[in-house]
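Written out below as C-alpha cells is the structure these notes cover.
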Amino acid sequence: MGALGKPIILMVGMYAFLKFVLPNIPGSAPLPSSLIFLYLLLTASGIVIFETLSGESKDAFWGPIQRFLTGENIGGLQALRYGVFILFPLLVGWQTYGSTAVSDLPPTESRTIHPAPPGEYTGLSNPVPKTPENIMQGKGFYAAYCSPCHGGNFDGKGPAARGYIPAPANFADPTTIAMLQESYLFWRIKKGGVGLPIEGAPWKSAMPRWEVELPDEWIWKIIMGEYDGAHQSPRTWE
Amino acid sequence: MSAIQEVETVQRALRAIRGQERWLLGLLFTAGWFLLPSMGLAAEGTAAGPTEYRDIPYIGSRNLVWIVAQLHLLLAGFVLGVPIFAWLCEVIAWRGGEKRYDKLAKEFTKLLTSAYATTALFGGILLFLLVAFYPKLMNYLTDVFFPSFLLYCLLFLLETATLYLYWYGWDAMQYGRKKTLHVFLGFLLNFFALFIMIVPNAWATFQSSPVVIADGTAFERAWAATWNPTWWPINIHRLIANVVLGGYICGAYAGVRYLSVKSTEDREHYDWMGYVGNFIGVFGLLALPFAGYWLMREIYQYNQQMGITLMGGFLSWLFIIQAMLIGVLFLGSNYYFWLGITYRIPGSEAKYRRAMLMMLISLLLCLAVWMTPHSLVASIEEAQKMGGAHHPLLGVLGVMSAKMTVSNLMILITFMSFVMYWRAGKQDTAGWAKLGKAVMGAVLVVASLAVIVLGVWGYFVPAIVRINYFSTSQVAIVGFVILTITPLTALLLKSAKTTTEMVWGSMPPRAGYALVLNAVMVILLMTLMGYARSSSRVHWHVYGVMRDTSPYAYSPALGSASLIMAFCTFFFCILVAFIFWVATMGDKYKAAAGSGGKGELPHGIPAMAGGAPEERQ
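Top line first, the protein sequences correspond to chains P and Z.
Letter by letter, the first sequence follows residues 1 to 238 of my numbering.
Letter by letter, the second sequence follows residues 1001 to 1617 of my numbering.
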C-alpha cells in the first residue's frame, strides 16, 4: 500500500483543506460542492498522470489496486474486498437515486450574475458631462437611493444588505462594475431585478426598478458617482 | 386526348404494374417521406409572400443544418490543416534530405484525397439544406455575396486541380527540378486552401457582425460585407485551429496504428508519426489561446450584448467546459512528452521526474484557476453561506485577468516540457553552456513573474488598459521566451554529446490512448465553440439585420446542445476512421501480398527535436 498511501493521503488532505481550511480564511466562505468536486477531480487526475509516468511507478500504484480487486495474495483482506464489491454498487445506486429522485429541495442554482443586456441598451454612452459637479451630484443621489443596500463605501455592505441573498453588489470589487460598460449599469438601475432575463434569475434580485422613480439623467449621474466612489473605471474601447 | 383514350391509358398502366404493388407501395412511402418537409413548408410560408422556412419532421431543420454544418466544418478543418504540415514535412525532406519526412508527407496527403471528396460532399449537402430550409436567408446572403460565390467556385476548381496534381504527381516528381515544381504545387495547394477557408468565413462572420452598405456595385457591397469586424480574427483563429486539428488527428491515427501493429519496424514508424502529430498539435495549441482572445475581444467590442452573452451571459458556462477541454489537451500533450522522456530515452526518468512533477502541479494549479467560474453552481443552502452565486474569495479567479495569466503560464510550461524532451539524453559540451542555461533560466523565471504581476495588476487598472496593454504584453512576453530559448537550445544542442540513444517504438500503450484522447478533445472543443459562436447571434440570422422568425428562434439549452455536440464528435470520428480505412486499404493488400513494406523507416533516428545532429547522417 506504500505507493497507494500517498495519493490517498493527498486526496483526503485536499478535501480537508477545501472543506475546512479555505472557508475559514478571513473574507472567505464555504465552497459549494461543485467546486470541491472540480478541484478533487483535478487532484485525482494529477495523481493518475504522475503515477503512470513510468512502468515502475505505474505498477507500484495500480498493482495493489489490481491485486485487491482480483483477490490475489491479499490474505485477510478478502472480507474487505467482498465488502467493497457489495458496498460500491450500493453507493453508486444511492448517489444516483439521490441526484434523480423527486425532492422538496429547491434546484441547484446556476445564476448568471451579469446576463446580456437587451439590444436597445447596447451602444449607449453617458450623455451627462463628466464634471466634478455632476459626479458629486451623482454621489448624492447614490447616498439617498443606493447606499442603504450597496453601502456608503460602495462595498455592498449597506445597513439593509444583511437582509438580502444574494447580497447587493460590491462595486469596489474589481470583478463587478469595472468589467462593465456604463450602458450596462444604466439598464440594470433602470429596469432593476424584475428586468433581468431568465438566466439572471429575476426572482432572486431585490433591486428596485428605478425608472419609475428616477429620471434618466439622475441614473447617469449615479453611475458616474458609483465609479468614482468605488475607484473603478467603466469598460471602454478607447 | 379523348376521355375514352385517357381511361384506356390508365387501365393499361394498372395492368402493367400488376405484381409490383409492394415495390410501388414502398416507392410511394419513400416519396411521401421526402415530401413531408413540404408540409412544413406550407406551415411556414405566408399566404401571399414567398416561402421563408421549411422544416423536416422529427429531427428539425435547425438540428439537421447544425449537424451537417459542423461535420462539414470539422472535415474542412482537417482537409485544410493537413496540407500545411504535409507540405512542411515535404520541405524538410527536400531541404534536409531526410526521406522519412517525405514518406510521412505522402502518407498524410493520401488521406487528403478521400477526405477532400467527403468534405465537398458535406458542403454540397449543407448548401442544399440551407437553400431548402432557409430560402429567405439564402436569398439575402446571395444578394450580398454573389461575387464571392463565383470566386469560391473558381477557387474550388483550382484547389481540386492542384490537389490532384500534388497527389498523383508525387512519385513522378520526386527528383531534381520536378521536385521543386512539386513543392511549389504544395505551396499553391495551401495558398488556394487558405482562400477557400477565408471566403466562406466572410459569409459566416457577416451573420455575426454584419457591415451593410445600401449603395454601390455588387462587388463593393460584397467587399464591405466581407471586411467585417470579426472576419480576420476568425480567419486567424481557424487557420491555427485547423493545424491543431490536423496534427492531433494524425497523431491519433498514428496512435491507433501503433496500438495494433505487430512488427518492430511498424511500431517505430507509428511511434515517430505520433510524435510528429503531437508536436504539430502542440505547436498550434501554443498560439491558439491568443487568437481566441483576439476574436472574443473583437466580438465584445463589436457588440456588448453579444460579448456578454458569450463571456458573462448564458453561454459563459461553455467557457468553463472549454477550459476543461483545453486543460485536458495541455495535460495530454505534456503527458505524451513526459512519457517520451521516460520510455524513449532510457535512464532519463530519474533525472527529470522531479521537474515533471513540478510542471504537473503548476499545470493543475493553472487549470484550477481557469476552470473556476465567476458565478458558481450552488444549492440554495450553499449560496446562502456564500452570500450569492459569487464566492467572496475565489470569485476573483473567475474573470479574464486570471484566465489570461494562467493560459500564458500553461503555454510556457508546455513549451518547457518540449525543451526538456529536446534536451533529454544529451550532454552539453559548449564552453558557454553554463552561461547559456543560466540566461535561459533567468529569462523563464523573470518572464513567469512578469506574466503573474501583470495578471494581478490587471485587477487594478481600467478594463481597456488590461485588454489593450497588459494582456498583449503577457502574450509578447511568452513569445519572447519562446523566441529566445528555442535558438539558444538549438545552439547548445548543436555541439552536445548524445549520452542516450533515442529508442522509437518503446512507448507504452497509454501513449497511444493519450494521442486518441487529444484528438477527441480537439473535436469536442471545435463543436463546442461552433455552437457558442452561432448561438451568440441569439434570435438573429444576421445580427441586427435579419431576425429569425422561424419556430427555432431560440437558443437550445446547454444540455440539449451538448447532445448534438457529442453526436457530431462521434460521427466525425467514425467518418475519419472510415476515411483512414479506405485510404490504407490498398497498403494492407500490398503488405499481405508481400510487395509492401515500410522501406526506410526510422531506426533510432531522431525527429525534429529528438536527437543529436550527428545521428541525422
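Ideal placement from N, C-alpha and C gives every residue a C-beta, glycine not left out.
Residue-level contact to chain A via CB, residue i, 8 angstroms cutoff
| i | result |
| --- | --- |
| F68 of chain P | Any reference to chain A falls outside this structure, whose protein chains are P and Z. |
Local Cβ density within 10 Å of residue i, reported as buried at 16 or more and exposed below that
| i | result |
| --- | --- |
| P1083 of chain Z | buried |
| S1038 of chain Z | Caution applies to S1038 of chain Z, whose pLDDT of 46 falls short of 50 and renders its modelled position unreliable; the model cannot decide the point. |
| V1446 of chain Z | exposed |
| C1250 of chain Z | buried |
| E199 of chain P | buried |
| M1507 of chain Z | buried |
| L1163 of chain Z | buried |
| E120 of chain P | exposed |
| H1182 of chain Z | buried |
| E1614 of chain Z | Its pLDDT being 36, under 50, E1614 of chain Z is placed unreliably by the model, and the measurement read from it follows with that caveat. Exposed is the call here. |
| V1282 of chain Z | buried |
| L18 of chain P | buried |
| R1423 of chain Z | buried |
| N73 of chain P | exposed |
| L1024 of chain Z | Residue confidence for L1024 of chain Z is low, a pLDDT of 49 falling below 50, so the modelled location carries little weight and cannot support an answer. |
| D1587 of chain Z | exposed |
| K1497 of chain Z | exposed |
| Y1554 of chain Z | exposed |
Close-in-space but distant-in-sequence residues of the same chain around residue i (CB under 7 angstroms, 5 per side omitted)
| i | result |
| --- | --- |
| E1298 of chain Z | P1229, T1230, P1233 |
| G1388 of chain Z | none |
| L124 of chain P | S183, F186 |
| L31 of chain P | L18, L22, P23 |
Sub-8 angstroms separation of residue i and residue j beta-carbons
| i | j | result |
| --- | --- | --- |
| V1443 of chain Z | T1484 of chain Z | yes |
| V1261 of chain Z | R1267 of chain Z | yes |
| G156 of chain P | A144 of chain P | no |
| A1378 of chain Z | M1386 of chain Z | yes |
| E109 of chain P | I177 of chain P | no |
| F1572 of chain Z | L1137 of chain Z | no |
| I1326 of chain Z | L1525 of chain Z | yes |
| Y1258 of chain Z | G1097 of chain Z | no |
| L1329 of chain Z | L1365 of chain Z | no |
| V1065 of chain Z | F1133 of chain Z | yes |
| L53 of chain P | L1339 of chain Z | yes |
| I1341 of chain Z | Y1421 of chain Z | yes |
| L1111 of chain Z | F1580 of chain Z | yes |
| T236 of chain P | Q1304 of chain Z | no |
| A29 of chain P | P1373 of chain Z | no |
| A1086 of chain Z | T1109 of chain Z | yes |
| L77 of chain P | F88 of chain P | no |
| S1417 of chain Z | M1359 of chain Z | yes |
| Q1474 of chain Z | T1527 of chain Z | no |
| P166 of chain P | K204 of chain P | yes |
| E211 of chain P | K190 of chain P | yes |
| A1225 of chain Z | F1146 of chain Z | no |
| V1396 of chain Z | T43 of chain P | no |
| A1519 of chain Z | Y1335 of chain Z | no |
Same chain only: Cβ atoms within 6 angstroms of residue i, ignoring 5 sequence neighbours per side
| i | result |
| --- | --- |
| E182 of chain P | N126, I223, P234 |
| K6 of chain P | none |
| K1621 of chain Z | Examination of residue 1621 of chain Z is not possible in this model, given that chain Z is present from 1001 through 1617 alone. |
| I1411 of chain Z | L1286, V1478 |
| R1062 of chain Z | Y1552 |
Sequence-distant residues of the same chain with beta carbon closer than 8 angstroms to residue i, five excluded per side
| i | result |
| --- | --- |
| M1197 of chain Z | A1076, L1080, N1235, R1238, L1239, N1242 |
| W1294 of chain Z | P1233, I1236, H1237 |
| G13 of chain P | none |
| K1403 of chain Z | A1323, V1369, W1370 |
Fill in: chain Z contacts from the stretch 48–69 of chain P (Cβ-Cβ distance under 9 angstroms)
I49, F50, T52, L53, S54, G55, E56, S57, K58
Worksheet item: Can we say the stretch 1427–1436 of chain Z touches the stretch 1477–1496 of chain Z, given the rule of at least three CB pairs closer than 8 angstroms?
Response: yes
Practice prompt. Examine the Cβ distances between the stretch 206–222 of chain P and the stretch 136–153 of chain P and report whether three or more of them are shorter than 8 angstroms.
Written response: The stretch 206–222 of chain P vs the stretch 136–153 of chain P: in contact.
Discussion item. Tell me which residues of the stretch 155–170 of chain P have at least one Cβ-Cβ distance to chain Z shorter than 7 angstroms, keeping chain order.
Written reply: I165, P166, A167
Item to complete: Please name the residues in the stretch 1366–1379 of chain Z whose beta-carbon is closer than 9 angstroms to at least one beta-carbon of chain P, in chain order.
Response: L1367, A1368, M1371, T1372, P1373, H1374, S1375, L1376, V1377, A1378, S1379
Fill in: Three or more C-beta pairs below 8 angstroms linking the stretch 1527–1545 of chain Z and the stretch 1304–1316 of chain Z
Yes, the stretch 1527–1545 of chain Z is in contact with the stretch 1304–1316 of chain Z.
Practice prompt. Would you check if there are 3 or more beta carbon pairs closer than 8 angstroms linking the stretch 1118–1130 of chain Z to the stretch 1142–1154 of chain Z?
Written response: no
Worksheet item: Name the residues in the stretch 207–219 of chain P whose C-beta lies less than 9 angstroms from a C-beta of chain Z; which are they?
Response: none
Worksheet item: Taking Cβ-Cβ distances below 9 angstroms as the criterion, which residues of the stretch 1504–1516 of chain Z are in contact with chain P?
Response: P1508, R1510
Worksheet item: Which residues, in order along the stretch 1308–1324 of chain Z, keep a beta-carbon less than 8 angstroms from a beta-carbon of chain P?
Response: I1308, T1309, G1312, G1313, F1314, S1316, W1317
Practice prompt. Taking only beta carbons into account, state which residues of the stretch 1450–1472 of chain Z come closer than 7 angstroms to chain P, listed in chain order.
Written response: Y1459, F1460, P1462, A1463, I1464
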